[in-house]
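Q:
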Amino acid sequence: MTERPFSISGELTEAGHRLVQRVYYEDTDFSGLVYHARYLHFLERGRTDYLRCLGVEQRELVSADEEGLVFVVHRMEIDFRSPARMDDVLTILTHTEKAGGAKMVLNQQIRSGETLLIAAKVIIAVINARGRPRRLPETLAAKFLEGSTPL
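Below is the structure:
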């Protein structure tokens, strides 16, 4: 049998980034459904691995120059459409809508098969190591926008 290469960080696609995760017992509440706050964890994993697949190392950015560069969530809008259950296999999709200035806008979805469970819009502030706004370097902005088509 031929093995396909597999990355625990997911993969870049024409639409952005795709990450597959399983729902475990620890992700659920007493009803057996995924607890609403756990979706934030899945979304964060999607964003973090998106950066990783783009070749963006967050630890290096904070000390890459004299100012440093850090990404922080500024605002998040989440539309809970349908619940996930224990043992479901989820697909976390992340797509860059905007990257420039001192912010990025990412659209994310969590799906179970063809069913849309979560739709989220995440506004990321770009700050320096001292917590002050700073511009996203154009080369980095281009990396986020390259090949990203709407979800």
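If you count by UniProt numbering, then the sequence shown holds residues 1 to 151, one letter each, in order.
We treat Cβ as the ideally placed atom computed from N, Cα and C, and that holds for glycine.
Measure how close the beta-carbons of residue 23 and residue 90 come, nearest whole angstrom, since I'm counting them as under 8 Å.
A: So it is a contact: roughly 6 Å between Cβ atoms.
Q: Below 8 Å between beta carbons: does that hold for residue 8 and residue 74?
A: Not closer than 8 Å, so no.
Q: For my contact list, residue 102 and residue 126 are in at a C-beta cut-off of 8 Å; report their separation, rounded to the angstrom.
A: About 5 Å separates the two Cβ atoms, so the contact holds.
Q: Please determine whether the Cβ atom of residue 18 lies at a distance below 7 Å from any heavy atom of the ligand SAH.
A: Here there are no bound small molecules, and the ligand SAH is not part of this structure.
Q: Does the beta-carbon of residue 46 have 16 or more other beta-carbons within 10 angstroms, so that it is buried, or is it exposed?
A: With 16 or more other Cβ atoms within 10 Å, it is buried.
Q: May I have a chain-ordered list of the alpha helix (DSSP H) segments no shorter than 4 residues that lie completely inside the UniProt domain "Thioesterase" (32 to 118)?
A: As far as the UniProt domain "Thioesterase" (32 to 118) is concerned, its whole alpha helix (DSSP H) runs of at least 4 residues are 38 to 54 and 58 to 61.
Q: Count the C-beta pairs between the segment 46 to 59 and the segment 11 to 20 that are closer than 8 Å, then say yes if the count reaches three, no if not.
A: In short, these stretches touch, since the Cβ pair count reaches three.
Q: Taking the alpha carbon of residue 114 as the reference point, which residue from 10, 88, 61 and 78 has its own alpha carbon closest?
A: Residue 114 has its Cα closest to that of 88, out of 10, 88, 61 and 78.
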